[in-house]
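Residue numbers (the numbering used here), protein chains in the order written: chain A, 3 to 160; chain B, 3 to 160.
There are 2 protein chains.
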Amino acid sequence: MNQKSFQDHYPENTAHCYGCGRMNEHGLQIKSYWDGAESVCEFLPRAFHTAIPGYVYGGLIASLLDCHATGTAAAAMYRAENRAMDSAPAFRFVTASLRVDFMKPTPIGVLLNVRARVKEIKGRKVIVECTLAANDQICARGEIVAVQMPENLANSKL
Amino acid sequence: MNQKSFQDHYPENTAHCYGCGRMNEHGLQIKSYWDGAESVCEFLPRAFHTAIPGYVYGGLIASLLDCHATGTAAAAMYRAENRAMDSAPAFRFVTASLRVDFMKPTPIGVLLNVRARVKEIKGRKVIVECTLAANDQICARGEIVAVQMPENLANSKL
C-alpha cells in the first residue's frame, strides 16, 4: 500500500514500541490501514515465532491484536474528530485490557490478516474487536480496551 | 535455582515455543518453578522490549503470563496425579483464552516476577490466575484457560 500507515503518524517519542514502533529496529513494526469501517494489518511471522512446530506462537498473536487495536483506536479518534492523523494534538493509546480467544491453531508460513473494528468510543476509552485470520480462516478473536495515554507517559524520555 | 524448571521437562517435539521452548534459540526461554502452592518465573526484559520509553511492552507481558500459565497447568496436572514431571505420558498445554488487565505501566530494567495459581482443574482444562510484579508492585493480572494439547498437535513434526 502506498499510503502512510497509522503507525507512521505516531509522534517520535511514542514510536519505540516493540510491536508497532517504526523506530524499534528489533521489533515487529506492524503497519495498519483503514479498509472502509474496518482496519487491516498484514503480518508474516518469522520461522522462530513458533508455538509448536507448524503453528504460530500465541504471544505473537496477542501482540499483533494488541498493537493493531491501539493503532485503530487512535485512528478512530482522528476520524471521530474529522482530523488528519498528522494534525495536533496527537492521539496515542495504551492497552488497559486484552482478551484473546484462540479458536484454532494458526498455521505458520502464511501471511496473517488482522482486522479490527471499533465497538465503542467512550471518552478517553476505545473498545476494539479484532480477528486474526490465516488462509481466510479466523484463528483468533480479541477484544482490547484502549485508553488514551496519560500525559506523563506520552512525555517520558528515552 | 538448581532444580529443573517446568519447561525443562517438556518433550522435545513441544519444546520450540517462542515463549518457553528451551530449544528456541531466538525465544524468551522462560523458566517456571513451584513456590509452595504458587508457581514463579522471573524474567528480565531486554532493552528493546519497550512499549513507550521506560516501560515494558504489553505483548511481552501477555507472552510471559501465557507461557508461565500453560507451564503451571502442566505442572499442576502432574501434581494432581502425584507423578514426577519426567514420567509418561507427558502433559503439555495450549492456550484456549487469555485475558490480561494492565494495572499500571511496568518499568523496564528490573527483574519481573510472574506468579501463577491454579484456580480450577476441569477435565483437560486448567484455569490459571497470574500476576506480574516489578519492584514488588503488581503491574498486570491475567487469567488463562489452558487445555491439554490435542494428540495431533503434540505429534506434529518440525
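Idealized CB from N, CA, C, for every residue including glycine.
Can you give the Cα-Cα distance for residue i and residue j, rounded to whole angstroms?
{"i": "residue 46 of chain A", "j": "residue 78 of chain B", "result": "35 Å"}
{"i": "residue 152 of chain B", "j": "residue 96 of chain B", "result": "9 Å"}
{"i": "residue 35 of chain B", "j": "residue 81 of chain A", "result": "48 Å"}
{"i": "residue 138 of chain A", "j": "residue 85 of chain B", "result": "42 Å"}
{"i": "residue 29 of chain A", "j": "residue 51 of chain B", "result": "8 Å"}
{"i": "residue 89 of chain B", "j": "residue 150 of chain B", "result": "16 Å"}
{"i": "residue 64 of chain B", "j": "residue 114 of chain B", "result": "13 Å"}
{"i": "residue 125 of chain A", "j": "residue 98 of chain A", "result": "14 Å"}
{"i": "residue 83 of chain B", "j": "residue 19 of chain A", "result": "43 Å"}
{"i": "residue 105 of chain B", "j": "residue 105 of chain A", "result": "27 Å"}
{"i": "residue 91 of chain B", "j": "residue 66 of chain A", "result": "34 Å"}
{"i": "residue 27 of chain A", "j": "residue 140 of chain B", "result": "29 Å"}
Out of the options, state which residue places its alpha-carbon closest to the alpha-carbon of residue i.
{"i": "residue 142 of chain B", "options": "B/123, B/129, B/103", "result": "B/103"}
{"i": "residue 72 of chain A", "options": "A/128, A/29, A/55", "result": "A/128"}
{"i": "residue 122 of chain A", "options": "A/136, A/140, A/148", "result": "A/148"}
{"i": "residue 40 of chain A", "options": "A/64, A/119, A/54", "result": "A/119"}
{"i": "residue 5 of chain A", "options": "A/87, A/75, A/76", "result": "A/87"}
{"i": "residue 233 of chain A", "options": "A/140, A/74, A/112, A/136", "result": "This structure does not reach residue 233 of chain A, given that chain A is present from 3 up to 160, and the question cannot be answered."}
Within the same chain, show all residues whose beta-carbon is closer than 8 Å to that of residue i, passing over the 5 residues directly before and after it, in chain order.
{"i": "residue 24 of chain B", "result": "9, 10, 12, 17, 31"}
{"i": "residue 14 of chain A", "result": "25"}
{"i": "residue 37 of chain B", "result": "117"}
{"i": "residue 48 of chain A", "result": "none"}
Ignore the nearest five residues each way along the sequence and tell me which others in residue i's own chain have a CB closer than 7 Å to its CB.
{"i": "residue 57 of chain B", "result": "107, 108, 109, 110"}
{"i": "residue 76 of chain B", "result": "8, 93, 94, 95"}
Since residue i contacts residue j with CB under 8 Å, what's their CB separation in whole angstroms?
{"i": "residue 116 of chain A", "j": "residue 100 of chain A", "result": "No, residue 116 of chain A and residue 100 of chain A are not in contact; Cβ-Cβ is about 14 Å, not under 8 Å."}
{"i": "residue 61 of chain B", "j": "residue 60 of chain A", "result": "With a Cβ gap of about 11 Å, residue 61 of chain B and residue 60 of chain A do not count as contacting."}
Below 6 Å CB to CB, which residues in the same chain sit around residue i once its five sequence neighbours on both sides are set aside?
{"i": "residue 69 of chain B", "result": "21, 22, 32"}
{"i": "residue 43 of chain B", "result": "32, 34, 70, 116"}
{"i": "residue 131 of chain A", "result": "119, 121, 145"}
{"i": "residue 54 of chain A", "result": "none"}
{"i": "residue 136 of chain A", "result": "108, 109, 112, 114"}
{"i": "residue 160 of chain A", "result": "Unreliable placement is indicated for residue 160 of chain A, whose pLDDT of 45 sits below 50; the coordinate value is still reported in the next sentence. Excluding sequence neighbours, residue 160 of chain A sits near nothing in its chain."}
Check: Taking any Cβ of chain B, which residues in the stretch 37-54 of chain A have a Cβ under 7 Å from it, in chain order?
Finding: 50, 51, 52, 53, 54
Next item on the list: Could you please tell me which residues of the stretch 95-116 of chain B, in chain order, have their CB closer than 8 Å to any CB of chain A?
Entry: 96, 97, 98, 99, 100, 101, 102, 103, 104, 107
Notebook entry, point to check: Using a beta-carbon distance cut-off of less than 7 Å, what residues from the stretch 16-31 of chain B approach chain A?
Noted result: 16, 18, 19, 20, 21, 26, 28, 29
Note to self: What are the residues in the stretch 134-151 of chain A lying within 8 Å of chain B by C-beta distance?
What the structure shows: 151
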